[in-house]
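S.K.:
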Amino acid sequence: MWDLRRTCKVIHSKTFDYFARTAFRAVVVRMGYSGLCKVAAISQHPQFAAKVQTILCYGHELHDEGLEAKEYDEAEDMIESSDVTPEICRLLQEQIRLTNLGQMDRSFVERSATDGIMLALAFQRFTNLKELLMPCVNLQHEAKYIRRKHHGEGPSTDHTFSILLSSAAHAILRPKTIRVVHYSPSATIEAVLLSTLSMPNEILCCLSELRELQLRLQTRSSAYRNPSTWKSHLATFLSRCPQLRYLTLSFLNDWEDTESVISAVATQVHFPRLEELSLGGIRCSGGDLCRFLQSHPDLRKLDLDGFDITGSASYASILKMLSNTHTRLQNFSSCQIAQNSFRVYLETLGKIGSNPYRPSSSKEPEDFFDDFEQVHYPHIFTAQIEEWEGVQQRLALMSEDLVVSHISYHPLYDSEQ
339 MWDLRRTCKV IHSKTFDYFA RTAFRAVVVR MGYSGLCKVA AISQHPQFAA
389 KVQTILCYGH ELHDEGLEAK EYDEAEDMIE SSDVTPEICR LLQEQIRLTN
439 LGQMDRSFVE RSATDGIMLA LAFQRFTNLK ELLMPCVNLQ HEAKYIRRKH
489 HGEGPSTDHT FSILLSSAAH AILRPKTIRV VHYSPSATIE AVLLSTLSMP
539 NEILCCLSEL RELQLRLQTR SSAYRNPSTW KSHLATFLSR CPQLRYLTLS
589 FLNDWEDTES VISAVATQVH FPRLEELSLG GIRCSGGDLC RFLQSHPDLR
639 KLDLDGFDIT GSASYASILK MLSNTHTRLQ NFSSCQIAQN SFRVYLETLG
689 KIGSNPYRPS SSKEPEDFFD DFEQVHYPHI FTAQIEEWEG VQQRLALMSE
739 DLVVSHISYH PLYDSEQ
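Numbering-wise, our numbering puts 604 at position 266 of the sequence shown, and it's gapless, one number per residue.
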């Protein structure tokens, strides 16, 4: 009997451990009252909290406040009436329930720092938490648009990003991965404002062991329109990530502002162990781009997507530099490149790795990509080099094959005020 009890205990322990590891390895958090209460409940159970390794955090998804006060009272009176059919009664009860949830959500968000405190307390118990993920989209719910129409803009992507880092710092957490990811092109896109990256050193210290960072950024807002006030925020933020190995940076809009931002990054930031670099949606000088790449000669993977390279340093010279200095480069990809606002393409090599561009396949805001297919009919400039092709040799060939077209562009984002 003793052996049977011991066997059952071992089976129960292993089964419970497998369940906890499977169910709570990745936790989805919705920044609302009910969502954070669930996270708090998980953190209260030590065996569950110890299994949490990844947090996927959505922004505040509030319920619509629903019925007005007068309509709310009328609905309650109708429910008590004997003349109402059971079906209508159920519909009224559901409307009242949703209205109560909406009022609770709004009250919760308006209580200063409540969400951050709850999250920080939970993080203290998630001892194995290594990865913080956050989608940069607004979920397509009509209720959210109604709320924004009546009450103004609610908490946004940069607000959630700030709460996550503040909570991690308060919990003395050192995450290995932070990713602000974009999942669906059909969703309303948001990004982290550069002004949000200006944080106290006590918060930035949680980045000291970061290995992977993926950021989708937005330069200006109604409150911060002058680039001189935030052009160095990104460089300061990145300089606190000395262990970084994988970096992805992309900008949502206002390309004319990214030049000063990248200039500060090129002169102030260096990652000794950087292996993979992906940059997109950027206008910067060729000299700054070349300087930043030269300071990271050990890159194994490089992705340049959506660039306007300004100044005297040409894109061809950058490719030539890469072929001479980046001997460890195993994968290179490049797409949608312009030079001083004129599109560039590969005269003979471009068709090898290019695909037709179909504007109908993307619902993102129109910009200068829309007429790119005219550059090299019927292809856009896309280059992809794998290790087996000989990256350095192919880069040298590309630098000699590059042609600057006569097609220019005027991005809508640049004139958007």
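Beta carbons are placed, not taken as given, at the ideal position from N, Cα and C, and that holds for glycine. All figures in this text were calculated on a predicted structure; none of them were measured in a lab.
L585 and L640 look like a contact to me (Cβ under 8 Å); what is the Cβ gap, rounded to whole Å?
M.R.: What you label residue 585 is simply residue 247 of the sequence shown in a count that begins at 1. What you label residue 640 is simply residue 302 of the sequence shown in a count that begins at 1. With 8 Å as the limit, L585 and L640 do not qualify as a contact, their Cβ atoms being about 11 Å apart.
S.K.: So for L633, helix, strand or coil by DSSP?
M.R.: Locating residue 633 in the sequence shown gives position 295, where the first residue counts as 1. The question names Leu, but residue 633 in the sequence shown is Ser. Of the three classes helix, strand and coil, the one that applies to S633 here is coil, per DSSP.
S.K.: Classify V366 as buried or exposed, calling it buried when 16 or more other Cβ atoms lie within 10 Å of its own Cβ.
M.R.: Counting from 1 along the sequence shown, the entry for residue 366 is found at position 28. Exposed, since its Cβ has fewer than 16 Cβ neighbours within 10 Å.
S.K.: Should F657 and L733 be called a contact, given that it needs their Cβ atoms to be closer than 7 Å?
M.R.: Position 319 of the sequence shown, counted from the start, is the residue given in the question as residue 657. Position 395 of the sequence shown, counted from the start, is the residue given in the question as residue 733. Here residue 657 turns out to be Leu, not Phe, going by the sequence shown. Result yes, Cβ atoms of L657 and L733 sit closer than 7 Å.
S.K.: Name the residue from R611, Q385, H383 and G373 whose alpha carbon lies nearest to the alpha carbon of L394.
M.R.: What you label residue 394 is simply residue 56 of the sequence shown in a count that begins at 1. For the residues R611, Q385, H383 and G373, the minimum Cα distance to L394 belongs to G373.
S.K.: Might you give, ordered along the chain, the residues of its own chain that have their beta carbon closer than 7 Å to the beta carbon of E724, omitting 5 neighbours on each side?
M.R.: For the purposes of this step, residue 724 is taken as the residue at position 386 of the sequence shown. Excluding residues within five positions, the ones whose Cβ falls inside 7 Å are N669.
S.K.: Quick one: what does DSSP say S616 is sitting in, helix, strand or coil?
M.R.: The residue labelled residue 616 in the question sits at position 278 within the sequence shown. Residue state, collapsed to three classes: strand.
S.K.: Can you find a heavy atom of the ligand FAD that lies under 6 Å from the Cβ of S533?
M.R.: The ligand FAD is not part of the structure shown, which contains no ligands of any sort.
S.K.: Might you give, ordered along the chain, the residues of its own chain that have their beta carbon closer than 6 Å to the beta carbon of R629, omitting 5 neighbours on each side?
M.R.: For the purposes of this step, residue 629 is identified with residue 291 of the sequence shown, where counting begins at 1. Only A604 meet the Cβ criterion.
S.K.: Apply the 10 Å Cβ neighbour rule to A506 and answer buried if 16 or more other Cβ atoms are within range, or exposed otherwise.
M.R.: Translated into positions along the sequence shown, residue 506 becomes position 168. With 16 or more Cβ atoms within 10 Å of its Cβ, A506 is classed as buried.
S.K.: With DSSP collapsed to three states, give me the class of E414.
M.R.: Start at 1 with the first residue of the sequence shown, and residue 414 comes out as number 76. E414 falls in the helix class under three-state DSSP.
S.K.: Taking the alpha carbon of N678 as the reference point, which residue from L617, V530, E597 and P473 has its own alpha carbon closest?
M.R.: Counted from its first residue, the sequence shown places residue 678 at position 340. Looking at the Cα atoms, E597 is the closest of the given residues.
S.K.: Measure the CB-CB distance between F589 and G619 and report whether it falls below 7 Å.
M.R.: Counted from its first residue, the sequence shown places residue 589 at position 251. Counted from its first residue, the sequence shown places residue 619 at position 281. Cβ distance < 7 Å, so F589 and G619 count as in contact.
S.K.: Ignore the nearest five residues each way along the sequence and tell me which others in A651's own chain have a CB closer than 8 Å to its CB.
M.R.: Position 313 of the sequence shown holds residue 651. Cβ within range, chain order: S623, G624, G625, L627 and C628.
S.K.: Whose C-beta lies closer than 7 Å to the C-beta of L511 among residues of the same chain, with five residues either side of it excluded?
M.R.: Stepping through the sequence shown from its first residue, residue 511 is reached at position 173. So the qualifying residues of the chain are F461, L467 and C544.
S.K.: When burial is assigned at 16 or more other CB atoms within 10 Å of the CB, is E528 buried or exposed?
M.R.: Within the sequence shown, numbered from 1, the residue matching residue 528 stands at position 190. Looking at its Cβ environment, which holds 16 or more other Cβ atoms inside 10 Å, E528 is buried.
S.K.: Of all the options R666, S655, E685 and I647, which has the alpha carbon lying nearest to the alpha carbon of I675?
M.R.: For the purposes of this step, residue 675 is identified with residue 337 of the sequence shown, where counting begins at 1. Of R666, S655, E685 and I647, the residue nearest in Cα terms is I647.
S.K.: From the DSSP output, which residues share a beta bridge with E469?
M.R.: Here residue 469 is taken as the residue at index 131 of the sequence shown, counted from 1. DSSP lists T392 and T515 as partners of E469.
S.K.: Is S419 helix, strand or coil when you go by DSSP?
M.R.: Here residue 419 corresponds to residue number 81 of the sequence shown, with the count starting at 1. Three-state result, S419: coil.
S.K.: Using CA coordinates, which residue listed in D453, E613 and S546 is at the minimum distance from S500?
M.R.: Against the sequence shown, residue 500 aligns to sequence position 162. When each option's Cα is compared against that of S500, the closest is D453.
S.K.: Suppose you measure from the CA of V607 to the CA of Q730; what does that come to, to the nearest Å?
M.R.: Residue mapping note: residue 607 aligns to position 269 of the sequence shown, counting from 1. Residue mapping note: residue 730 aligns to position 392 of the sequence shown, counting from 1. Approximately 25 Å between the Cα atoms of the pair.
S.K.: Report the rounded CA-to-CA distance for S546 versus M416, giving the unit in angstroms.
M.R.: Here residue 546 refers to the residue found at position 208 when the sequence shown is read from its first residue. Here residue 416 refers to the residue found at position 78 when the sequence shown is read from its first residue. Cα-Cα distance, rounded: 60 Å.
S.K.: Quick one: what's got a C-beta closer than 6 Å to L531's C-beta in the same chain, skipping five residues either side?
M.R.: Residue numbering aside, residue 531 sits at position 193 when the sequence shown is read from its first letter. Counting only Cβ-Cβ distances below 6 Å, and skipping sequence neighbours, we find D496, Q556 and S559.
S.K.: Alpha carbon to alpha carbon, how far is R435 from I380? Give it in angstroms, no decimals.
M.R.: The residue given as residue 380 occupies position 42 in the sequence shown. The residue given as residue 435 occupies position 97 in the sequence shown. I380 and R435: Cα-Cα distance of roughly 25 Å.
S.K.: Roughly how many angstroms separate the alpha carbons of I426 and P473, rounded to a whole number?
M.R.: If you number the sequence shown from 1, residue 426 lands on position 88. If you number the sequence shown from 1, residue 473 lands on position 135. Whole-angstrom Cα-Cα distance: 38 Å.
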